[in-house]
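Asks: Please see the structure below; I have some questions.
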Amino acid sequence: MDILLVASAFNSLSQRVYAELSDHGHRVDVVLASHGPDAVRAAVAGTRPELIIAPMLKTALPEDIWREHTCLIVHPGPPGDRGPSSLDWAIAEGAAHWGVTVLQAEAAMDAGDIWASAAFPTAPVGKSDLYRNEASDAAVAAVLQAVRRYADGAFKPRPQNDSSLRVVWRDPLRQERRRIDWDHDGTETVLRKLRGADSQPGVLDELLGREVFLHGGHPEDELRGRPGELLATRAGAVCRATRDGAVWIPELRPRKNSGDPAPFKRPATCVLGALDLPESPVPLELPPGRRTFSDIRYRQRGDVGFLTFSFPGGAMSTGQCRRLLAAYRYALTRPTSVLVLGGTRDFFSNGIHLNVIEAAPGPAAESWSNLNAIDDVVEAVLRTTDRLVVAALGGNAAAGGIMLALAADEVWCRTGAVLNPHYRRMGLYGSEYWTHSLPRRVGAVTAERLTTEALPVSARTAAGLGLVDRLVPVPAADFTAEVDRLATELAGAPDLGRRIEAKAAARERDEAVRPLAACREAELTRMHAIFSDPDAPYHALRSAFVRKVPSGSARPLSPAADPLTGGTR
Numbered sequence: 002m003d004i005l006l007v008a009s010a011f012n013s014l015s016q017r018v019y020a021e022l023s024d025h026g027h028r029v030d031v032v033l034a035s036h037g038p039d040a041v042r043a044a045v046a047g048t049r050p051e052l053i054i055a056p057m058l059k060t061a062l063p064e065d066i067w068r069e070h071t072c073l074i075v076h077p078g079p080p081g082d083r084g085p086s087s088l089d090w091a092i093a094e095g096a097a098h099w100g101v102t103v104l105q106a107e108a109a110m111d112a113g114d115i116w117a118s119a120a121f122p123t124a125p126v127g128k129s130d131l132y133r134n135e136a137s138d139a140a141v142a143a144v145l146q147a148v149r150r151y152a153d154g155a156f157k158p159r160p161q162n163d164s165s166l167r168v169v170w171r172d173p174l175r176q177e178r179r180r181i182d183w184d185h186d187g188t189e190t191v192l193r194k195l196r197g198a199d200s201q202p203g204v205l206d207e208l209l210g211r212e213v214f215l216h217g218g219h220p221e222d223e224l225r226g227r228p229g230e231l232l233a234t235r236a237g238a239v240c241r242a243t244r245d246g247a248v249w250i251p252e253l254r255p256r257k258n259s260g261d262p263a264p265f266k267r268p269a270t271c272v273l274g275a276l277d278l279p280e281s282p283v284p285l286e287l288p289p290g291r292r293t294f295s296d297i298r299y300r301q302r303g304d305v306g307f308l309t310f311s312f313p314g315g316a317m318s319t320g321q322c323r324r325l326l327a328a329y330r331y332a333l334t335r336p337t338s339v340l341v342l343g344g345t346r347d348f349f350s351n352g353i354h355l356n357v358i359e360a361a362p363g364p365a366a367e368s369w370s371n372l373n374a375i376d377d378v379v380e381a382v383l384r385t386t387d388r389l390v391v392a393a394l395g396g397n398a399a400a401g402g403i404m405l406a407l408a409a410d411e412v413w414c415r416t417g418a419v420l421n422p423h424y425r426r427m428g429l430y431g432s433e434y435w436t437h438s439l440p441r442r443v444g445a446v447t448a449e450r451l452t453t454e455a456l457p458v459s460a461r462t463a464a465g466l467g468l469v470d471r472l473v474p475v476p477a478a479d480f481t482a483e484v485d486r487l488a489t490e491l492a493g494a495p496d497l498g499r500r501i502e503a504k505a506a507a508r509e510r511d512e513a514v515r516p517l518a519a520c521r522e523a524e525l526t527r528m529h530a531i532f533s534d535p536d537a538p539y540h541a542l543r544s545a546f547v548r549k550v551p552s553g554s555a556r557p558l559s560p561a562a563d564p565l566t567g568g569t570r
């Protein structure tokens with residue numbers, strides 16, 4: 002079937018719907034609604050779709066489009082739920098379960114006939130994590146069911162005026178409702194408010210006389226102070242006291258028109274600048290039962306080491322990469338035969354930290370530092386020859402983050418993940434030893450196609466291509482436990498010693514043919530030319546991406562489209 006996706010942004014859900022529908026044999030095109038109603042009309046006229054699906058839409062479809070074509074809207078709420086802040090309200094009200102509904106577009110918002118729906122548990126995580134995982138799983142299931150029903154032709158969608166359906170309109174969840182009362186709100190209330198707005202829109206607050214949006218929240222079980230007081234810093238985050246405890250806030254975003262030249266999310270200490278606060282480090286191996294913020298952790302279970310890391314948005318700054326490298330070197334000192342990288346739910350990595358780069362006094366110099374720092378991590382993985390390394394992807398990965406995973410001996414991936422193994426949408430050639438790792442796994446021809454088409458692929462497609470060695474078909478909440486089980490099984494395999502010996506011999510042979518140093522030098526030469534050229538597309542694309550300014554053409558996205566004009570990374 003020919004399907005056109007209309008999306009306000011080619012975000013995680015839009016990409017997953019695109020990839021899953023493509024896997025099912027449909028021909029899928031994408032047009033960004035942010036380019037305006039005429040762009041949508043042009044895309045409809047040009048592609049002549051049999052069905053239009055809007056997986057993520059912030060503006061109404063043009064009336065002439067939904068009157069003339071069947072248009073299905075993906076709403077992140079259960080049947081009968083209406084309004085633009087559905088998932089926000091689910092978290093704010095502590096709903097144990099929520100849902101996704103696929104309904105037909107009509108004049109009233111979210112009031113169309115229901116084609117399909119699916120329920121999901123609301124895990125105690127941030128809204129963006131929930132959206133990319135449990136909600137995304139439910140959305141894909143509902144979309145695929147709706148498409149099957151539409152193709153069958155016999156299904157009659159359920160009207161929302163059905164007397165058995167309870168209709169609830171939910172107003173936008175505004176900052177007045179999100180605001181934290183530091184004197185009276187307990188830690189769990191503060192965490193719920195922070196998690197309900199972790200990606201967008203954040204929680205508006207005041208810190209050190211500045212209005213900023215707070216993004217993300219983690220509990221702290223030891224530090225205490227006066228409610229609202231800043232207590233300490235750690236890995237770029239700040240710790241703030243609540244009425245009965247404290248929370249860690251990893252990121253802040255200055256309010257627009259505040260005079261800050263970088264009004265976008267960054268590590269909290271980058272936004273606040275120098276602070277007269279103690280740095281409160283914690284060991285990589287946290288004691289059992291500790292509840293505190295730590296974006297890099299190590300634990301060991303028998304012959305298996307687990308090095309987990311979780312950076313907001315999957316972005317890895319220069320400092321984060323250097324800390325991860327130090328942690329990796331520590332992990333190599335431990336007596337294990339298998340080392341697992343990742344293994345947590347949500348993002349694995351999306352490569353270098355574009356927000357930190359954009360805010361730097363010299364973005365070109367920071368781009369260079371960040372790239373070399375992540376290359377150092379990838380090289381360390383590639384040169385590990387005394388144990389097997391597994392990259393466990395519980396969620397999405399892109400660009401250099403995928404190349405970090407490919408440096409491992411095996412890549413395990415949750416079936417709900419979406420991979421973007423390319424750089425061109427940001428105007429980059431790429432590094433992270435991709436010219437070594439990607440062709441080695443998928444062949445030169447497929448590597449060229451993946452990096453030039455610059456389109457997302459599902460985990461299943463990635464497995465078919467050779468990017469992924471093992472699919473892990475479990476819900477996001479069960480991923481870590483399943484990775485533990487599989488890694489323990491791998492460590493007990495009778496041929497493990499032979500595999501490690503063969504790996505070391507292969508590294509020696511590869512080094513004789515083309516040393517890793519030569520690969521790195523060739524990639525960095527290309528990248529340095531891009532970074533140092535002020536007219537290179539990378540600088541404008543990076544700025545537009547970070548500042549959420551529309552860029553590129555209004556043409557539909559398809560395998561034939563220019564990969565630099567899609568407006569996504």
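Residues in the sequence shown are numbered consecutively from 2, following this note's numbering. Idealized CB from N, CA, C, for every residue including glycine.
Buried or exposed: which applies to P535, given that a residue is buried once 16 or more other Cβ atoms fall within 10 Å of its Cβ?
Replies: exposed
Asks: Measuring alpha carbon to alpha carbon, tell me which residue in R425, S295, E177 and D30 is nearest A238.
Replies: S295
Asks: Quick one: any contact between the segment 191–201 and the segment 258–265, if contact means 3 or more CB pairs under 8 Å?
Replies: Contact between the segment 191–201 and the segment 258–265 is absent: fewer than 3 CB-CB pairs across the two stretches fall below 8 Å.
Asks: Are the segment 458–468 and the segment 480–493 in contact at 8 Å, needing three or more beta carbon pairs?
Replies: No, because fewer than three Cβ pairs between the segment 458–468 and the segment 480–493 fall closer than 8 Å, the two stretches do not touch.
Asks: Looking at the secondary structure, which residues open and close the alpha helix (DSSP H) in which N421 lies?
Replies: No alpha helix (DSSP H) contains N421, which is instead part of the beta strand (DSSP E) from V419 to N421.
Asks: Using a 10 Å radius around the Cβ and a threshold of 16 neighbouring Cβ atoms, would you call R384 buried or exposed?
Replies: exposed
Asks: At which residues does the beta strand (DSSP E) containing V29 begin and terminate?
Replies: R28 to L33
Asks: Rounded to a whole number of angstroms, what is the C-alpha to C-alpha distance between H423 and A392?
Replies: Put simply, the backbone Cα of H423 is about 18 Å away from that of A392.
Asks: Please report the straight-line C-alpha distance between I297 and L308, rounded to a whole angstrom.
Replies: 7 Å
Asks: Given a cut-off of 9 Å on the beta-carbon distance, is the pair G187 and R244 in contact?
Replies: yes
Asks: Excluding the 5 residues preceding and the 5 following R159 in the sequence, name in chain order all residues of the same chain whose CB lies nearer than 7 Å to its CB.
Replies: D114 and I115
Asks: Assuming the contact rule is C-beta atoms closer than 8 Å, A10 and M57 should be a hit. Round their C-beta distance to whole Å, please.
Replies: 6 Å
Asks: Could you check if A537 belongs to the surroundings of the ligand PLP, using beta carbon to heavy atom distance under 8 Å?
Replies: The ligand PLP is not among the ligands present in this structure, which contains no ligands whatsoever.
Asks: If contact is defined by three or more beta carbon pairs under 8 Å, each pair taking one atom from either stretch, is the segment 166–186 in contact with the segment 87–99?
Replies: yes
Asks: From which residue to which residue does the beta strand (DSSP E) around L208 run?
Replies: V204 to L208
Asks: Who are the near neighbours of L285 in its chain, counting only those whose CB is closer than 7 Å to its CB and skipping five residues on each side?
Replies: I297, R298, Y299, A328 and Y331
Asks: Pick from P63, Q105, C240 and K59: whose alpha carbon is nearest that of T71?
Replies: That would be Q105, whose Cα lies nearest to the Cα of T71.
Asks: First and last residue of the alpha helix (DSSP H) that includes L232?
Replies: Counting along the chain, L232 falls outside any alpha helix (DSSP H), though it belongs to the beta strand (DSSP E) covering L231 to R235.
Asks: On a CA-only basis, which of P80, L372, A448 and H25 is nearest L166? Give me that one, please.
Replies: P80
Asks: On the three-state DSSP scale, how would you describe R211?
Replies: strand
Asks: Identify the residues that DSSP records as bridge partners of F310: which are they?
Replies: Bridge partners of F310: I297.
Asks: Run through the DSSP bridge pairs and tell me what R302 is partnered with.
Replies: V305
Asks: In the DSSP assignment, find the beta strand (DSSP E) that holds W249 and state where it starts and stops.
Replies: A247 to I250
Asks: Which two residues bound the contiguous alpha helix (DSSP H) that contains I92?
Replies: Bounds of the alpha helix (DSSP H) holding I92 are S87 to A93.
Asks: Touching or not, the segment 365–373 and the segment 411–428, by the rule of three or more beta carbon pairs under 8 Å?
Replies: no
Asks: When you compare the CB positions of G217 and G303, do they come within less than 9 Å of one another, or not?
Replies: no
Asks: Helix, strand or coil, according to DSSP, for E411 in the structure here?
Replies: strand
Asks: Give me the DSSP bridge partner(s) of A393.
Replies: As computed with DSSP, A393 is found in a beta bridge with G343 and W413.
Asks: Measure the beta-carbon distance from L340 to S432 and round it to whole angstroms, keeping in mind my assumption that it falls under 8 Å.
Replies: Not quite, the Cβ-Cβ distance comes to about 23 Å (not below 8 Å), so this is no contact.
Asks: For R17 and A55, what's the separation of their Cα atoms in angstroms?
Replies: 12 Å
Asks: Excluding the 5 residues flanking A143 on each side, which residues of the same chain have their C-beta closer than 6 Å to its C-beta?
Replies: V101, V103, A117, S118 and A119
Asks: Would the beta-carbon of G315 fall within 9 Å of that of A418?
Replies: In this structure, the beta-carbon distance from G315 to A418 does not fall below 9 Å.
Asks: By Cβ distance below 6 Å, which residues in the same chain neighbour S311 in space, the five residues on each side in sequence not counted?
Replies: For S311, where only same-chain residues beyond five positions count, the Cβ hits under 6 Å are D296 and T345.
Asks: So, is S137 buried or exposed, given that buried needs 16 or more other C-beta atoms within 10 angstroms?
Replies: buried
Asks: Out of Y151, A44, T334 and H76, which one is the CA nearest neighbour of V66?
Replies: Reading off the sequence, residue 66 comes out as Ile, not Val. Checking every option, the nearest Cα to that of I66 belongs to A44.
Asks: Are R28 and D82 closer than 9 Å when you measure CB to CB?
Replies: no
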